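Just so you know, the sequence shown maps onto residues 384 to 502 in our numbering. Think of the CB as a built atom: it goes at the ideal place given N, C-alpha and C, for glycine as much as any other residue. Please read these numbers as outputs of a predicted model, since none were measured by experiment. Structure first, then comments.
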Amino acid sequence: MKMIHLPKREKSAEHRRAEDSLLIRCSIDAGVHSGLLFFLRKGEFMLPLSMASEGDKVMVARVRGAADTRKHLEDLGFVEGTQLSIVSAPGNGNVIVRLKDSRLAITSKMAEKVMVVMS
Numbered sequence: 384m385k386m387i388h389l390p391k392r393e394k395s396a397e398h399r400r401a402e403d404s405l406l407i408r409c410s411i412d413a414g415v416h417s418g419l420l421f422f423l424r425k426g427e428f429m430l431p432l433s434m435a436s437e438g439d440k441v442m443v444a445r446v447r448g449a450a451d452t453r454k455h456l457e458d459l460g461f462v463e464g465t466q467l468s469i470v471s472a473p474g475n476g477n478v479i480v481r482l483k484d485s486r487l488a489i490t491s492k493m494a495e496k497v498m499v500v501m502s
């Protein structure tokens, strides 16, 4: 497959300020450091499941980590597009989520590998 590189357009100062403002607003809304946010499209971002709050309804956007870790999480049901609701936030070390008709508990380390978007 041949890769085509398109020339980058120069952004105006106003455009850069708007992007910076959006990044700051999203990081404050999510209550996390802006380095943990990954933008999907304007106004939408994904964050680790470990950063979600109790009661949030989220959708799995991506699963990161080594191949065996991703496989384990997929076997539990953490696949792209799956809807979750947060039953218990990681304050006690585990994240408990409602996934379809089940409740699952995973460690906060594993929850860091699951990237979600608010739904």
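Membership of Ser468 in the beta strand (DSSP E) is indicated by the continuous run 466-471. By DSSP's assignment, Val443 forms a beta bridge with Val499. For Ala488, the enclosing beta strand (DSSP E) stretches over residues 485-490. Of the residues Gly438, Arg447, Asp439, Lys440, the one whose Cα lies closest to the Cα of Ala494 is Arg447. Residue Asp439 holds the alpha-carbon nearest to the alpha-carbon of Gln466 among Ser433, Lys496, Asp439, Phe428.
Within the DSSP bridge table, the entry for Leu482 names Leu467, Ser485 as partners. The alpha-carbon separation between Glu463 and Thr452 amounts to approximately 15 Å.
Sorting Ser471, Ser485, Met501 by C-alpha distance to the C-alpha of Ser491 places Ser471 at the top. Pairing Ala488 with Phe428, the inter-Cα distance amounts to about 24 Å.
Annotation: Glu437 is outside any alpha helix (DSSP H) and is labelled neither H nor E by DSSP. Between Pro473 and Ser433, the gap from beta carbon to beta carbon is short of 7 Å. By the beta-carbon neighbour count (other beta carbons within 10 angstroms, threshold 16), Lys483 is exposed.
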